[in-house]
Structures are given as structure tokens and as C-alpha cells.
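Peer 1: Per my numbering: the sequence shown = residues 109 to 625.
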Amino acid sequence: MPNLHRRAFLGLTGAAGAGVAAAIAGFSDAPAWADPSFADNPFTLGVASGDPLPDGVVLWTRLAPDPLAVDGLGGMPRRVVPVTWQVAEDERFRRVVRAGADRATPELGHSVHVEVSRLRPDREYYYRFRVGNQLSPVGRTRTAPAYGADRRRLSFGFVSCQNLPAGYFTAYRHMAEEDLDLVLHLGDYIYEGPSAGTIGRAHLPATEIFSLADYRIRHSQYKTDADLQLAHARFPWAVTWDDHEVENNYADGTSEDAAQSPEDFLRRRAVAYQAYYEHMPLRRISIPHGPDMRLYRRLRYGNLAEFNILDGRQYRSDQVPTGSDDPSRTMLGNAQEKWLLDGMSASRARWNVLGNQTVIAEADRDPGPGKTLSDDNWSGYPAARQRLFDGVVERRVENMVVVTGDAHCSMVAELKQNFDDQSSRTVGVEFLGTSITSGGDGADMDGRGTEWLASNPHMKFYNAKRGYVRCQLDHRQWRTDYRVVPFVTEQGAPVSTRASFVVESGRPGVQVDTTEA
């Protein structure tokens with residue numbers, strides 16, 4: 109982001125930003141509500157956990173007895189509210205192992221982010237909150253294995269792109285029935301536009317959103333979905349954003365809308381980032397400071413897997429017509445790029461996983477001699493992609509697997525060091541996961557899929573149904589199952605496995621797997 113833009117923003121809103129940081133640290137100018145009492149359920153948005161470590165997790169909730177209140181305050185008074193929490197080894201809380209109290213402040217929309225510590229590694233726990241005489245739903249979570257522990261197996265799911273007016277979140281209900289250690293959400297958790305759709309799930313507010321109140325209401329509307337709440341309560345999540353959490357196709361400090369000044373867009377980005385933090389199970393490292401928020405981070409699962417959660421929006425160069433090989437153009441920014449390569453170089457895990465927002469494989473849509481590429485995914489940033497792939501080769505990083513969202517389809521690709529030379533080294537594998545609902549019911553094949561498979565020999569599979577992706581890995585192999593639903597515009601869709609793929613440790617490339625999961 110240009111420094112001039114940041115200085116202009118901070119000069120206008122520095123005090124407000126400081127107030128948010130203070131509230132996160134536990135301070136607030138609001139009076140305390142010593143003995144809160146609610147006529148309605150304050151836990152309408154459910155509970156969640158996230159970013160597991162060997163000794164703890166983040167626990168989240170937000171008090172909102174009237175979650176869609178037009179002022180964005182969720183029906184809460186401008187008071188500081190004490191919230192107590194418990195963590196137990198059993199669902200009935202007979203063996204409580206950790207307990208404490210936190211403060212829900214109006215500055216943060218009465219959200220709560222508890223960083224629980226002193227838990228045992230690789231263990232299942234249950235948690236709940238209490239405010240006044242009201243108890244929250246019970247959530248289930250799991251800590252990560254100890255660093256360096258010999259974890260033999262891991263199962264996780266990844267999802268993206270849940271447009272509320274486009275369909276029902278049935279895929280989440282099916283995902284909640286899986287046996288998963290972790291869920292990755294790879295972006296487009298909300299959509300910022302005024303869509304009404306055709307199934308009675310119109311966006312609120314009924315306009316494109318710009319203010320903090322707007323973003324809070326939109327997040328609250330999504331969080332009231334029962335299937336989404338169920339999936340959050342069932343597993344720990346690790347989240348990152350793409351574009352629609354703020355605005356379609358924005359890049360760093362640049363809006364897609366030329367009518368928005370840089371200062372106006374940074375104001376919008378700041379409130380969108382704050383609302384995102386307020387509604388996600390994120391640690392204090394992700395406290396937003398005005399229009400800046402640290403979201404890229406790393407999660408380790410013993411010696412089996414290391415997850416590098418990327419932020420491909422906040423630091424990227426602006427989109428330009430594809431074909432530019434300007435070496436100064438970046439997708440991740442210099443600091444995150446170095447962090448990623450240094451981290452993978454030092455990794456002692458069998459699998460090096462990238463939680464990535466937009467398609468990284470070259471995705472040409474022209475079956476002829478020319479190329480038709482998107483300027484919004486990694487194909488619009490070829491120099492940045494080449495630096496990453498060359499760095500992986502030079503540093504001898506093995507077993508790199510990229511899991512990706514954004515494109516509203518499923519696709520499997522072998523990542524070539526040089527996509528123009530299919531005999532070049534395969535540096536990793538990409539599993540692109542479809543949307544939860546975005547794009548509507550979808551189909552097995554569409555025009556883009558036909559073009560991609562005809563134009564990109566490194567692509568091995570394509571499907572445009574909705575659903576989620578399940579990954580099961582051990583020290584010998586990685587298995588990916590594409591779990592799809594036949595429709596989302598009606599409720600009650602069944603789920604099935606559309607296709608499965610295997611990556612063998614130490615053997616770059618991917619194979620179709622016909623073995624039953």
C-alpha cells in the first residue's frame with residue numbers, strides 16, 4: 109500500500125484505531141454491566157474455535173441477542189459485559205480442565221476471543237460460554253500435536269466462497285459429520301454486494317456494504333445460518349480472506365471502483381477488516397490496526413504437516429493486463445514471500461501445505477496458440493509465481509501441496525516449474541476446491557472446464573458442482589476426496605464423492621485413486 113495513502117488514513121482515524129486496539133487488549137471507555145440479564149438468547153451467532161496449537165486454541169463467540177439490528181450492535185447496550193468460559197474433556201463438563209472470564213466490549217461488537225493455553229497436545233476438548241444466566245451452545249475442538257511429534261495421520265477439510273443468496277449451506281451440514289482435525293476456510297466468507305437471489309436468502313443490508321455497521325450485519329446474517337454454525341462448533345478452523353470480505357477484486361490499497369478515492373477505500377478496508385476479526389476465531393497477532401491486519405501465519409501438526417496460511421489480497425500489486433513479467437510485481441508482498449520460502453526451507457514436516465486464495469497453476473482458456481489468462485489469480489503475477497517455484501526447487505522443498513479456493517469449481521493440477529515446458533520439473537500439486545454455494549447449483553462440466561482441460565495439460569480434473577474437499581494424509585501418501593452436492597438452491601441435498609486423487613510422498617505428481625475412502 110502506498111505510504112501516502114496509509115499516512116492519510118491514519119491521520120484521519122488514528123484515534124479510532126487506537127480505541128479498537130485498546131478494546132482488544134481488554135480496555136474500554138464504556139461502563140461495566142456487572143449483572144447482565146437478557147430477555148433473548150445472546151448466543152445467536154454460535155461458537156467457534158480456531159488456530160490450534162499443541163497447548164491450546166482460540167475460542168470465539170459474539171453476544172448478539174438481535175443479530176440483525178440496523179445499528180450493527182447486535183441488540184447490545186454500550187457496556188462492557190463479563191463473559192465466562194469453560195473447557196472440559198467431556199461434553200457434559202464433568203471434567204473441566206480450564207476456565208476463566210473475559211470482557212466483551214462495544215468497541216469490538218461484543219465479540220470474545222479467548223486464547224486458551226495449558227491444554228494437552230493432540231486432544232479433543234469441549235467448550236462453552238456463559239453470560240448472566242445464559243449458556244452458549246457447546247463446541248468441540250482439538251489441539252495440535254506437539255511440535256516434532258510423530259503424528260501418523262491427519263484429516264482436514266477446506267472450503268471457500270459461501271454466497272448466502274446463491275444457495276443453502278447444506279455442504280457444511282455434511283462436512284460436520286466427517287471426522288476432521290481441522291477446517292481451512294480459504295476466502296469469500298461473506299459477499300459484499302446487494303444480491304437478493306431467488307430462494308429467499310437476500311442479503312442484509314439490501315445494498316452494497318461500506319460502514320462498520322453494514323459489515324457487522326452482513327457477517328451476522330451469515331453466522332445465523334444453522335449449517336455454518338454446526339461446522340464451526342464441530343471443528344477448529346483456520347481462516348483467511350480473499351476479496352469479497354471487503355470488495356470484489358481489490359488489490360492492496362486499490363479499489364476496483366475508480367470512483368472511490370484511496371482514502372475512502374482505506375476507510376472501507378479498515379472497517380471490513382475489523383468486522384472480519386470480530387467474527388472469526390483469530391489470535392491477537394491478527395488484531396487490526398486501521399487498514400492493516402496480519403493474517404498470514406503457520407500451523408504445525410507434528411512431523412506430518414505444516415500449514416502456511418497465505419494472504420494474497422492485502423499486499424498484492426494492482427491487477428494489470430496479463431502477460432506482464434515485471435519482476436517488481438508481487439502477489440504476497442516481499443515480507444510474506446520471504447516468510448513463506450524461509451518457513452518451507454526450515455520445515456521438518458512430511459507435507460508442506462499452502463492455504464492459498466486464487467488459482468496458482470497456469471489456467472489458459474485459449475486452446476489455440478495464444479493464451480487467455482485471468483489477471484486476478486497467480487497467472488496475472490507470473491514473476492511472483494516463478495520466484496516461488498524457483499525458490500521451492502533451489503531450497504529443495506519436497507511434498508508441496510497447494511489447496512486453493514475462489515474459482516467456484518474443482519480442479520487438480522501438477523505445478524510445473526515452466527508451464528510452457530511440460531517436461532519441466534513438477535514442484536508440487538494444486539487441489540482447487542469448489543464453492544459452498546457461489547455460482548448456484550453448478551454442473552459436472554461447463555465451458556471453462558472444457559477450455560481449461562483442452563489448454564492446460566498439467567490439469568488432470570475439473571468439476572463445477574458445489575461442496576467441500578476432504579484430505580487424509582499420512583507419511584506415505586496424501587489422499588484428496590472431492591465431496592459434492594447435486595444442488596444448493598433447495599435444501600436437503602445428499603453428498604457423494606465425485607473423485608479422489610493421491611500424491612505419493614517423494615514422488616511429485618498426482619494420480620487418480622479408485623480406492624474406497
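Ideal placement from N, C-alpha and C gives every residue a C-beta, glycine not left out.
(1) What is the DSSP secondary structure of Q585, reduced to helix, strand or coil?
(2) Leaving out five residues on either side along the sequence, give the residues of the same chain with a beta carbon under 6 angstroms from the beta carbon of P616.
(3) Measure from the C-beta of N526 to each C-beta in chain B and report whether the shortest distance is under 7 angstroms.
(4) Check this for me: beta carbons of P144 and V239, under 7 angstroms apart or not?
(5) Identify which residue in H293, A314, Q242 and G182 has its Cα closest to the Cα of Y576.
(6) If the criterion is Cβ atoms closer than 7 angstroms, does the pair V195 and R211 meet it?
(7) Using the beta-carbon count (16 or more within 10 Å), is V178 buried or exposed?
(8) What would DSSP say about L496, mapped onto helix, strand or coil?
(9) Looking only at its own chain, which residues have a Cβ that is under 7 angstroms from the Cβ of P344, when we skip the five neighbours before and after it?
(10) Does the distance from the CB of D230 to the CB of P253 come in under 7 angstroms?
(11) Cutting at 6 angstroms between CB atoms, please list the residues of its own chain near H352, excluding the five before and the five after it.
(12) Based on the DSSP secondary-structure assignment, which residues constitute the bridge partners of L161?
(13) Nearest CA to the CA of S455: which residue from A383, R206 and R504?
(14) Rounding to the nearest angstrom, what Cα-Cα distance links M567 and E386 in this structure?
(15) Using a Cβ-Cβ cut-off of 7 angstroms (strictly less than) and excluding sequence neighbours within five positions of A309, which residues of its own chain qualify?
(16) For the beta strand (DSSP E) that contains I417, what are its first and last residues?
(17) Which parts of the region 561 to 614 are runs of the beta strand (DSSP E), unbroken and 3 residues or longer, counting only runs that do not cross its ends?
(18) Runs of 4 residues minimum, wholly inside the region 232 to 318: which ones carry the alpha helix (DSSP H) assignment?
(19) Could you check the C-alpha separation between M109 and L374 for me, to the nearest Å?
(20) By Cβ distance below 8 angstroms, which residues in the same chain neighbour D582 in space, the five residues on each side in sequence not counted?
(21) If you measure from the CB of A172, is any heavy atom of the ligand SAM nearer than 6 angstroms?
(22) Could you tell me whether the region 525 to 542 touches the region 438 to 445, using the rule of 3 or more Cβ pairs below 8 angstroms?
(23) Sort T545, T588 and D365 by Cα distance to E598 and report the nearest one.
(24) Could you round the C-beta distance between T85 and C517 to whole angstroms and report it? I think they count as a contact, below 8 angstroms.
(25) If distances are taken between C-alpha atoms only, which option among A457, Q337, A491 and R574 comes closest to Y255?
(26) Output the distance between the C-alpha atoms of A172 and G431, rounded to the nearest integer angstrom.
(27) Determine the DSSP secondary structure at N111, reduced to helix, strand or coil.
(28) Whole angstroms are fine: how far does the CA of F135 sit from the CA of N241?
(29) Just the Cα atoms here: how many angstroms apart are S487 and V191?
(30) Among R405, S532 and A562, which has the Cα closest to the Cα of G478?
(31) Count the other C-beta atoms from every protein chain shown that fall within 10 angstroms of the C-beta of Q619, then say buried if there are 16 or more, exposed otherwise.
(32) Can you have a look at T278 and say buried or exposed, based on whether 16 or more other CB atoms are within 10 angstroms of its CB?
(33) Whole angstroms are fine: how far does the CA of S303 sit from the CA of G122?
(34) Please name the residue, chosen from W586, A314, D549 and E316, that lies closest to V610 on a Cα-to-Cα basis.
(35) Pick helix, strand or coil for Y323, following the three-state DSSP scheme.
(36) Does the Cβ of T362 have 16 or more other Cβ atoms within 10 Å, making it buried, or fewer, making it exposed?
Peer 2: Walking through what the data contain:
(1) Residue state, collapsed to three classes: strand.
(2) In the same chain as P616, and ignoring 5 residues on each side of it, the C-beta atoms closer than 6 angstroms to its own belong to T534, in chain order.
(3) The structure shown contains no chain B; it holds only a single protein chain.
(4) In this structure, V239 lies closer than 7 angstroms to P144 by Cβ.
(5) Comparing Cα-Cα distances from Y576 to each of H293, A314, Q242 and G182, the minimum goes to H293.
(6) Contact: no.
(7) So V178 counts as exposed.
(8) Three-state result, L496: helix.
(9) Apart from the 5 residues on each side of it in sequence, P344 sits with its Cβ closer than 7 angstroms to the Cβ of S157, G158, P160, V165, T249, R250 and L290 in its chain, given in chain order.
(10) Against a cut-off of 7 angstroms, the Cβ pair of P253 and D230 comes out as a contact.
(11) Contacts found: D296, Y299 and E300.
(12) Beta-bridge partners assigned by DSSP to L161: G164.
(13) Closest by alpha carbon: R504.
(14) Each residue's Cα considered, the two are about 38 angstroms apart.
(15) For the sequence presented, residue 309 should be read as Arg rather than Ala. Close CB contacts of R309 within its chain, under the 7 angstroms cut and outside five residues either way in sequence, are with L272 and P273 (chain order).
(16) Where I417 is concerned, the enclosing beta strand (DSSP E) stretches over A413 to I417.
(17) Qualifying beta strand (DSSP E) stretches, in chain order: 567 to 582, 585 to 593 and 604 to 612.
(18) The DSSP assignment places 278 to 283 as complete runs of the alpha helix (DSSP H) inside the region 232 to 318, in order along the chain (cut-off: 4 residues).
(19) A caution first: M109 carries a pLDDT of 39, below 50, which makes its placement in the model unreliable, though a value can still be read off. Rounded to the nearest whole angstrom, the CA to CA distance from M109 to L374 is 10 angstroms.
(20) Excluding sequence positions up to five before and after D582, its CB lies within less than 8 angstroms of the CB of R260, R261, L262 and L412, all in the same chain and listed in chain order.
(21) No copy of the ligand SAM occurs in the structure displayed, which carries no ligand at all.
(22) Between the region 525 to 542 and the region 438 to 445, the count of Cβ pairs shorter than 8 angstroms is below three; the stretches do not touch.
(23) Comparing Cα positions, the closest option is T545.
(24) An answer regarding residue 85 cannot be provided, because it is not within the stretch 109 to 625 covered by the chain.
(25) Ranking the options by Cα distance to Y255, first place goes to A457.
(26) In this structure, the CA atom of A172 is about 48 angstroms from the CA atom of G431.
(27) Low local confidence applies: a pLDDT of 42 at N111 is under 50, so the model's placement there is unreliable, and no value is given.
(28) About 24 angstroms.
(29) Answer to the nearest angstrom: the Cα atoms are 47 angstroms apart.
(30) For the options R405, S532 and A562, the alpha carbon positioned closest to that of G478 is the one of A562.
(31) The residue is exposed, with fewer than 16 neighbouring Cβ atoms inside 10 Å.
(32) By the neighbour-count rule (16 or more Cβ atoms within 10 Å), T278 is buried.
(33) The predicted model places G122 with a pLDDT of 47, which falls under 50 and marks its position as unreliable, so this point remains unresolved.
(34) For the options W586, A314, D549 and E316, the alpha carbon positioned closest to that of V610 is the one of W586.
(35) In the structure shown, Y323 sits in a helix (DSSP, three-state: H, G or I).
(36) The residue is buried, with at least 16 neighbouring Cβ atoms inside 10 Å.
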